[in-house]
Amino acid sequence: MVEDLRRKLVDLEREALCLRAEIERVESEVRRFAEERNGLNSRMRNLKREAANFRKERNALNEEVRNLKVILMELKREYRERLDSIRDLRNRIRKHLKMKPSRREDSLKKEIEEIDWRIQTTPLPLEEEKRLVERVKSLEKQLNFYHKLNAMKNELSILEGRLKKIKDEIALYREQITETVEKSQFFHEKMIECLKKMEEFKPKVDEINKKYGESRKKLSALRLKYKKLLGQISAIKKIIREEEARKKAEALSALKEKIGREALKKLKKGEKISFEEFKILAEQGKI
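Heads up: the sequence shown at position 19 corresponds to 35 in the numbering used here, and the numbers run straight through without jumps.
Encoded structure:
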């Protein structure tokens with residue numbers, strides 16, 4: 017029986033050794049799959065973070081474009097208003113020019129100055145002075161045409177200057193909007209590129225996760241089998257030890273029985289026995 021158990025123990029230990037090697041191989045496989053999975057997950061997280069950053073940049077630029085368009089619309093509105101004001105002012109100037117005096121502005125100013133000087137420096141009859149005053153009024157009325165004309169021309173110059181400035185600002189904001197839109201498109205494309213890469217990585221991640229799960233499951237089954245096998249080995253070793261202990265005890269009992277018989281014969285013959293022989297006879301209750 018013991019020999020059969022020993023043979024079985026050898027077979028089981030050989031099987032356990034092979035199983036241990038298989039477990040180590042699968043453990044290595046699990047670690048490899050785990051490292052590959054962690055690498056892919058890390059890459060996926062990086063791509064996700066990059067996509068989020070690109071989206072943030074794009075959204076900020078889109079918001080900037082919206083703000084620039086609001087300013088541009090306001091400039092266009094002001095441009096139309098200024099243009100309408102210029103057209104209206106030009107019409108008023110054209111109408112005003114229809115009332116243009118026959119004399120030039122400098123000629124009117126010169127005569128007014130001469131009359132003023134004459135009134136101030138020359139004693140004049142009352143009637144003559146009144147006539148000259150009326151003459152100055154008439155000349156100033158004509159001169160007022162030029163004052164109004166010059167005022168309208170100055171206003172027109174200011175309006176045209178502002179219109180040109182608005183036009184330049186409109187061109188500048190349009191250029192800024194175009195540049196900002198291009199930047200936004202760049203970040204949008206970068207974001208899409210990251211998302212596409214994530215989609216490309218997803219099947220790989222799913223595949224490695226599947227392999228990792230299968231290997232973990234296989235490893236768990238192997239470990240359970242190995243544990244059971246060790247349990248069987250341990251049980252057989254226990255049986256062998258118990259059987260060997262039993263046989264050893266039987267052999268020792270037989271030996272003591274033999275020694276007891278021989279010691280008892282010695283005593284009957286009057287021969288001396290050893291202390292060990294005495295102990296054995298005492299244990300057997302023969303003395």
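Idealized CB from N, CA, C, for every residue including glycine.
Predicted model, so just to flag it, every value in this text is computed and none were measured.
{"Item": "Backbone secondary structure at Ser-200 - three-state DSSP", "Value": "helix"}
{"Item": "Collapsed DSSP secondary structure at Lys-116 in the structure displayed", "Value": "coil"}
{"Item": "Boundaries (first-last residue) of the alpha helix (DSSP H) holding Glu-130", "Value": "121-137"}
{"Item": "Helix, strand or coil at Pro-219 according to DSSP, with G and I counted as helix", "Value": "helix"}
{"Item": "Beta-carbon gap between Arg-71 and Met-207 smaller than 8 Å", "Value": "yes"}
{"Item": "Buried versus exposed call for Gln-158 [16 or more other C-beta atoms within 10 Å across all chains shown]", "Value": "buried"}
{"Item": "Alpha-carbon to alpha-carbon, Arg-277 and Lys-241", "Value": "54 Å"}
{"Item": "For Leu-21 and Asp-27, the rounded distance between their alpha carbons", "Value": "10 Å"}
{"Item": "Environment of Ser-154 [buried if 16+ CB atoms lie within 10 Å]", "Value": "exposed"}
{"Item": "Collapsed DSSP secondary structure at Glu-287 in the structure displayed", "Value": "coil"}
{"Item": "Contacts around His-112, its chain only, beta-carbon distance under 8 Å, and the 5 residues preceding and following it disregarded", "Value": "Phe-161, Lys-164, Leu-165 and Met-168"}
{"Item": "Neighbourhood of Arg-98 by C-beta, 8 Å cutoff - its chain only, sequence neighbours within 5 removed", "Value": "Leu-175, Arg-178, Leu-179 and Ile-182"}
{"Item": "The segment 35-52 / the segment 188-208 touching (three or more Cβ pairs under 8 Å)", "Value": "no"}
{"Item": "8 Å Cβ cutoff met for Ile-128 and Glu-156", "Value": "yes"}
{"Item": "Inter-residue spacing [alpha-carbon to alpha-carbon] between Asn-54 and Glu-40", "Value": "21 Å"}
{"Item": "Nearest-angstrom Cα separation, counted from Leu-84 out to Arg-47", "Value": "55 Å"}
{"Item": "Exposure label - Phe-291; buried when at least 16 CB within 10 Å", "Value": "exposed"}
{"Item": "Assumed close pair Leu-235, Glu-43 - CB separation to whole angstroms, cut-off 8 Å", "Value": "6 Å"}
{"Item": "As assigned by DSSP and simplified to three states, the class of Leu-268", "Value": "helix"}
{"Item": "Pairwise C-alpha distance: Leu-172 and Glu-143", "Value": "43 Å"}
{"Item": "Proximity of Tyr-189 and Leu-105 at Cβ, strictly below 8 Å", "Value": "no"}
{"Item": "Nearest-angstrom beta carbon gap, Asn-57 and Val-197 [assumed within contact, 8 Å]", "Value": "Not a contact, Cβ separation roughly 35 Å."}
{"Item": "Ala-67 versus Arg-74 - alpha carbon distance", "Value": "10 Å"}
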